[in-house]
Amino acid sequence: MDERDVRLLKAIADLGTGSPEKLHEATDIPVSTIHYRLNNLKDDGVIENDLYDIDLEAFGLGVTVVIEVLADYSGSYEGVGNKLLEIEGVTQLYFTMGETDFIVVAHLADSDRVERLISDFEAIPEVERTNSTFVISTMRDSHRALQSYTLETLLDELGIES
């Protein structure tokens, strides 16, 4: 990966599109080069997909809940994690160090669904306790981590000369 690749990925994150024409306007990299580099980044597994982002609130899943899950399990944590992932509404799951074993993020249609979600968690034998927090306002919800960096910082962090 070089400076042009980082510039392209940063532009994709900022613009929310992989359109070669829009990326050309933002980066001045020729469209044919953009096509070539995007294909290479896909082949290398850096770019994972071409999915459209969905506004969950506009879609009807406007209630976001962050849940801490404390579990008692022997062996691998993956078994409990897989059970948590099977519950509808769970969109993110993190295995963590410290007192909390898992952090779950769920997007639900309304607050009544939260009770069902917690009941589903508590039906898992290994789950000892949950602690739920309703999100009042989303300040940032992006799977595009590059948006939170400047291009200069990214190049510096990755050790790439511009």
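If you're matching positions, the sequence shown starts at 1 in UniProt numbering and goes up one per residue.
By construction, the Cβ of each residue, glycine as well, lies at the ideal position given by its N, Cα and C atoms.
By Cβ distance below 8 Å, which residues in the same chain neighbour residue i in space, the five residues on each side in sequence not counted?
i: residue 50; result: 18
i: residue 29; result: 4, 7, 8, 23, 37
Assign residue i to buried or exposed, taking buried as 16 or more other Cβ atoms, counted over all protein chains shown, within 10 Å of its Cβ.
i: residue 65; result: buried
i: residue 116; result: exposed
i: residue 158; result: exposed
i: residue 31; result: exposed
i: residue 102; result: buried
Can the beta-carbon of residue i be found less than 7 Å from the beta-carbon of residue j?
i: residue 144; j: residue 70; result: no
i: residue 163; j: residue 13; result: Given a span of 1 to 162 for the chain in the structure shown, any question on residue 163 remains unanswerable.
i: residue 41; j: residue 47; result: yes
i: residue 109; j: residue 60; result: yes
i: residue 179; j: residue 100; result: The structure shown has nothing for residue 179, since the chain only spans 1 to 162.
i: residue 106; j: residue 90; result: yes
Who are the near neighbours of residue i in its chain, counting only those whose CB is closer than 6 Å to its CB and skipping five residues on each side?
i: residue 162; result: 3, 155
i: residue 135; result: 64
Report the option in the options whose CA atom is closest to the CA atom of residue i.
i: residue 112; options: 63, 68, 127, 77; result: 63
i: residue 121; options: 33, 32, 80, 20; result: 80
So, with DSSP's three-state summary, where would you put residue i?
i: residue 49; result: coil
i: residue 145; result: helix
Can you find the residues in the same chain that come closer than 7 Å, C-beta to C-beta, to residue i, ignoring five residues on each side of it along the sequence?
i: residue 22; result: 15
i: residue 83; result: 124
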